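Colleague:
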Amino acid sequence: MTEPSSYPVMDVYRQREATDLSHYQQQYDESINNSDAFWRQKAQRIEWTKPFTEVENSSFDRDNLHIRWFEDGELNITSNCIDRHLDKHGDNTAFIFEPNNPDDSNRVISYKELYRHVCQMANALKSRGVKKGDVVTLYMPMIPEAIFAMLACARIGAPHSVVFGGFSPEALADRIDNGQSKVVITADEGRRGSKTIPLKDNVDVAIQHCHSTRVDTVIVVANTGAEITWVDGRDVDYTEITDEQAVDCEPVSVNAEDPLFILYTSGSTGKPKGVVHTTGGYSVYNSLAFEEIFDYHRGETYWCTADIGWITGHSYVVYGPLLNGATSVIYEGMPNWPTANRAATIVDKYNVDILYTAPTAIRAMMADGDKSIENCSLSSLRLLGTVGEPINPEAWRWLHSEVGKNNCPIVDTWWQTETGGIMLTPLPGATALKPGSATLPFFGIQPEVLDADGTVLNGPCSGGLCIAKSWPAQARTIFGDHQRFIDTYFSSYDGYYFTSDGCNRDEDGYYWITGRVDDVLNVAGHRMGTAEIESALVAHHAVTEAAVVGKPHAIKGEAIYVYVSLNSDTEASPALEKELKNWVRQEIGAIASPDTIQFANGLPKTRSGKIMRRILRKIASDECDQLGDTSTLADPTVVDQLIEQRQMIK
Ligand code: ATP
Ligand code: MG
Numbered sequence: 000m001t002e003p004s005s006y007p008v009m010d011v012y013r014q015r016e017a018t019d020l021s022h023y024q025q026q027y028d029e030s031i032n033n034s035d036a037f038w039r040q041k042a043q044r045i046e047w048t049k050p051f052t053e054v055e056n057s058s059f060d061r062d063n064l065h066i067r068w069f070e071d072g073e074l075n076i077t078s079n080c081i082d083r084h085l086d087k088h089g090d091n092t093a094f095i096f097e098p099n100n101p102d103d104s105n106r107v108i109s110y111k112e113l114y115r116h117v118c119q120m121a122n123a124l125k126s127r128g129v130k131k132g133d134v135v136t137l138y139m140p141m142i143p144e145a146i147f148a149m150l151a152c153a154r155i156g157a158p159h160s161v162v163f164g165g166f167s168p169e170a171l172a173d174r175i176d177n178g179q180s181k182v183v184i185t186a187d188e189g190r191r192g193s194k195t196i197p198l199k200d201n202v203d204v205a206i207q208h209c210h211s212t213r214v215d216t217v218i219v220v221a222n223t224g225a226e227i228t229w230v231d232g233r234d235v236d237y238t239e240i241t242d243e244q245a246v247d248c249e250p251v252s253v254n255a256e257d258p259l260f261i262l263y264t265s266g267s268t269g270k271p272k273g274v275v276h277t278t279g280g281y282s283v284y285n286s287l288a289f290e291e292i293f294d295y296h297r298g299e300t301y302w303c304t305a306d307i308g309w310i311t312g313h314s315y316v317v318y319g320p321l322l323n324g325a326t327s328v329i330y331e332g333m334p335n336w337p338t339a340n341r342a343a344t345i346v347d348k349y350n351v352d353i354l355y356t357a358p359t360a361i362r363a364m365m366a367d368g369d370k371s372i373e374n375c376s377l378s379s380l381r382l383l384g385t386v387g388e389p390i391n392p393e394a395w396r397w398l399h400s401e402v403g404k405n406n407c408p409i410v411d412t413w414w415q416t417e418t419g420g421i422m423l424t425p426l427p428g429a430t431a432l433k434p435g436s437a438t439l440p441f442f443g444i445q446p447e448v449l450d451a452d453g454t455v456l457n458g459p460c461s462g463g464l465c466i467a468k469s470w471p472a473q474a475r476t477i478f479g480d481h482q483r484f485i486d487t488y489f490s491s492y493d494g495y496y497f498t499s500d501g502c503n504r505d506e507d508g509y510y511w512i513t514g515r516v517d518d519v520l521n522v523a524g525h526r527m528g529t530a531e532i533e534s535a536l537v538a539h540h541a542v543t544e545a546a547v548v549g550k551p552h553a554i555k556g557e558a559i560y561v562y563v564s565l566n567s568d569t570e571a572s573p574a575l576e577k578e579l580k581n582w583v584r585q586e587i588g589a590i591a592s593p594d595t596i597q598f599a600n601g602l603p604k605t606r607s608g609k610i611m612r613r614i615l616r617k618i619a620s621d622e623c624d625q626l627g628d629t630s631t632l633a634d635p636t637v638v639d640q641l642i643e644q645r646q647m648i649k
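In terms of numbering that gives the first Met the number 0, the sequence shown is residues 0 to 649.
1. Going by beta carbon distance, what residues of the same chain come within less than 6 angstroms of residue 371, once the five residues before and after it are set aside?
2. Just curious, the beta strand (DSSP E) that residue 546 is in, first and last residue?
3. Looking at residue 106: is its Cβ nearer than 8 angstroms to the Cβ of residue 158?
4. Have a look at 249, 173, 61 and flag the residue whose alpha-carbon is nearest the alpha-carbon of residue 494.
5. Using DSSP bridges, identify the partner residues of residue 504.
6. Would you list the residues sitting across from residue 724 in a DSSP beta bridge?
7. For the alpha helix (DSSP H) containing residue 150, name the first residue and the last one.
8. Mark residue 332 as exposed unless 16 or more other C-beta atoms lie within 10 angstroms of its C-beta, in which case mark it buried.
9. Hey, residue 468 and residue 482 are a contact pair by Cβ (cut 8 angstroms); roughly how many whole angstroms apart?
10. Could you tell me if the beta carbon of residue 418 falls within a distance shorter than 7 angstroms of some heavy atom in the ligand SAM?
11. Just to confirm the assignment: which complete alpha helix (DSSP H) runs, minimum length 4, are found wholly within the region 554-637?
12. On a Cα-Cα basis, can you pick out the residue from 278, 477, 126 that is closest to residue 217?
13. If we count the other Cβ atoms within 10 Å of its Cβ and call it buried at 16 or more, is residue 219 buried or exposed?
14. Consider the C-beta atom of residue 415 and the heavy atoms of the ligand MG; say whether any pair is separated by less than 7 angstroms.
15. Starting from residue 384, follow its DSSP beta bridges and name the residues at the other end.
16. Could you tell me if residue 609 is buried or exposed, where buried requires 16 or more neighbouring beta carbons within 10 angstroms of its beta carbon?
17. Can you tell me whether residue 268 sits near the ligand MG, meaning its C-beta is under 7 angstroms from at least one heavy atom of the ligand?
18. Residue 68 by DSSP, collapsed to three states: which one?
19. In angstroms, rounded to a whole number, what distance separates the CA positions of residue 613 and residue 549?
20. Do residue 541 and residue 562 count as a contact pair if the criterion is CB distance below 8 angstroms?
21. Quick check for students: name the residue ranges of the beta strand (DSSP E) that lie wholly in the region 423-468, counting only runs of 3 or more.
22. Pick out whichever of 154, 31, 116, 34 has its Cα sitting closest to the Cα of residue 77.
23. For the pair the region 307-327 and the region 63-73, tell me if three or more CB-CB distances fall below 8 angstroms.
24. What does DSSP give as the partner residue(s) for residue 111 in the beta ladder?
25. With respect to 7 angstroms, is the separation between the Cβ of residue 264 and the closest non-hydrogen atom of the ligand MG below this value?
26. Helix, strand or coil: which one does DSSP assign to residue 492?
27. Mind checking if residue 65 is an interface residue toward chain C, Cβ cutoff 8 angstroms exclusive?
28. Excluding the five sequence neighbours on either side, which residues of its own chain have a C-beta within less than 8 angstroms of the C-beta of residue 213, listed in chain order?
29. Thinking C-beta only, is residue 74 closer than 8 angstroms to residue 324?
30. Quick check: does the Cβ of residue 387 come within less than 7 angstroms of any heavy atom belonging to the ligand ATP?
31. Please find out if some non-hydrogen atom of the ligand MG comes closer than 7 angstroms to the beta-carbon of residue 376.
32. Check this for me: beta carbons of residue 190 and residue 223, under 8 angstroms apart or not?
33. In three-state terms, what does DSSP make of residue 481?
34. Run through DSSP, which three-state label would residue 266 get?
35. By DSSP, does residue 499 sit in helix, in strand, or in coil?
36. With DSSP run on the structure shown, which of helix, strand or coil describes residue 397?
Rendered as structure tokens:
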């Protein structure tokens, strides 16, 4: 197998003064060896309404599991996100909103304006009876009002539960029920490229499906101005209800351990979990992480392409940037609509300095080739970031050379909904980069690699990625199901948080995520991550995307079954099939050579763009009656196509 270390080490970028790996190492050691002192000092980034005395009180012992940070402190996250910037930086831009249609006008929102919007929205919620502790569900497009609504909830201590605007009414109903929400905030319609999404209609249907809660208020933003049905008394127009409110709203001081939000995981592995994050630790951690990892300096323009329906949207569109007084671009539409170069034109239009996106978006751009960056200079960029899946080295290199013009470091950030903030990442200017590796742990994070027997491995190794000790932004529970929280994360390995991801650690201590442990293949006694074989395939010029799964095999244990989507100008053929098998054999070795290749027009992905291998595994094994929960699939029709194609190659 290709050793990760065989990837060339990129030059060390130096953009910060006096920052190099030894500086990182020193701070990192301090954060581990002197954790309380480290976080006590970092917590001064936040204005507390009541200072905390104790820093951490946590244990990963499954019989006595508890996770608490700054537990007697009180704060309001929105005072930290907004109010504290007003005196000196109130006229700075908080958000630039780029609408779906490039011909529509954009909106620029200063911190002062943000303050007014959030306060009026918070007062509107209060006028509908929302109190501290009530869960409010948001089902919104990527428009500024979605962010106002999140912050309005946080202003009054009401946890928000943001449901991605692409979910079906049934999925929405489950989440409204689960959170016992009485108030839903939505828009008439959302826009994604040439499509419109009937958000308000979906809410109407969802509410009929709810059986354990009664929604008494639906606040509706007129986004497209479409005709919608209206339930008098329940439905409220956003502009009408906010306009009449006072422009100030006293922030409610909450305990550090009061919940800030519930967010459901993307559901790659099964039924989504309602992950609960609390206020104090999350604020401290993400305030620090945003500044350090994106090397953010006030005045720079930052664009994170994530939807607010995902954790990346929460931590690095909304809270992390605002805690640092940053200026962010938010975008309603798709990166390749109406033209392949739309994302690149947005970078040029706003002189974006820092771009944070996902491998799936990068592969989509690569598939369009030069068209995706045509007529764009991209010269404002100085830092790139990725999150969501392992980035294939091929995609990494393309991003580095074609988008970053060989001039921008890439921070490959590994983390999860449950971790609340970035866990493994390079620090730009300090960490030498290796394409495909999320490199080293962030401050306070103590990763360990364990083998199947629970032995902690040392030095270069591969195994399950665990975290040995709590960190401030860690999730505290699964909403309404604490036992599931314990069972899912703390039962596989005694005393560790188990991430469910597999990884390799190389001789430089760098981490390489190989995919989910459930996806690891065992071929004739060799354990192989899906990421490596997929990366080899994507490196072939004909292949846009690849997904690898194991299929039970009498002799080898598992056979390698590969789904491949091709570039638009390439036809599937037996010759190409043979070529791809040989290609993998050459790139990795005979052991990794695929047994079966199924050419696919599309792959099943979650709505956050991740490939759902568990479904592909069932199709490969002809167990299509056991596909499991498919409610979080972006396009369920892909599955039917794959099943049909599977019949043809059997
Ligand atoms: P579910 O837990 O419901 O199956 P999910 O794990 O896809 O859904 P998220 O919390 O959004 O939901 O995703 C976290 C996962 O994404 C990680 O556990 C990891 O598998 C993958 N991931 C995220 N960032 C990276 C990265 N930089 N490199 C490799 N994998 C990543
Ligand atoms: Mg997960």
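Virtual Cβ for every residue (Gly too), placed ideally from N, Cα, C. Bear in mind the structure is a predicted one, so any value in this text is a computation, not a measurement.
Modeller: By the coordinates alone:
1. For residue 371, where only same-chain residues beyond five positions count, the Cβ hits under 6 angstroms are 339, 340, 364.
2. Residue 546 -> beta strand (DSSP E) spans 542-552.
3. It is not a contact, given that the beta carbons lie outside the stated cut-off.
4. Ranking the options by Cα distance to residue 494, first place goes to 61.
5. Per DSSP, 460, 510.
6. Residue 724 lies beyond the residue range present for the chain, which begins at 0 and ends at 649; the question has no answer from this structure.
7. Run containing residue 150: 143-154, per the alpha helix (DSSP H) assignment.
8. Buried.
9. Contact between residue 468 and residue 482 does not hold, since their C-beta atoms are separated by about 22 angstroms, which reaches or exceeds 8 angstroms.
10. In the structure on display, the ligand SAM does not appear, and the ligands it does have are the ligand ATP and the ligand MG.
11. Counting only runs of 4 or more, we get 573-586, 612-619.
12. Per the Cα distances, 126.
13. Residue 219 comes out buried.
14. Flag set: Cβ of residue 415 near the ligand MG.
15. Answer is 355, 410.
16. With 16 or more other Cβ atoms from the protein chains shown falling within 10 Å of its own Cβ, residue 609 counts as buried.
17. At least one heavy atom of the ligand MG is nearer than 7 angstroms to the Cβ of residue 268, so yes.
18. Residue state for residue 68 is assigned as strand, using DSSP reduced to three classes.
19. Between residue 613 and residue 549, the C-alpha separation is close to 10 angstroms.
20. For the 8 angstroms CB-CB criterion, residue 562 and residue 541 do not form a contact.
21. The region 423-468 is shown to contain whole beta strand (DSSP E) runs of 3 or more residues at 446-449, 460-466, in chain order.
22. Closest in alpha carbon position to residue 77, among 154, 31, 116, 34, is 154.
23. In short, these stretches do not touch, since the Cβ pair count stays below three.
24. Beta-bridge pairing by DSSP links residue 111 to no other residue.
25. Indeed, a heavy atom of the ligand MG lies less than 7 angstroms from the Cβ.
26. Residue 492 falls in the coil class under three-state DSSP.
27. Judged by its chain identifiers, the structure shown contains no chain C, having just a single protein chain.
28. For residue 213, where only same-chain residues beyond five positions count, the Cβ hits under 8 angstroms are 181.
29. Contact: no.
30. Under cutoff, so the answer is yes.
31. Look at residue 376: its beta carbon is at least 7 angstroms from all of the heavy atoms in the ligand MG.
32. The Cβ atoms of residue 190 and residue 223 lie closer than 8 angstroms to each other.
33. Here residue 481 sits in helix by DSSP.
34. Correct three-state label for residue 266: coil.
35. The answer is strand: DSSP assigns residue 499 an E or B state.
36. Helix, per DSSP.
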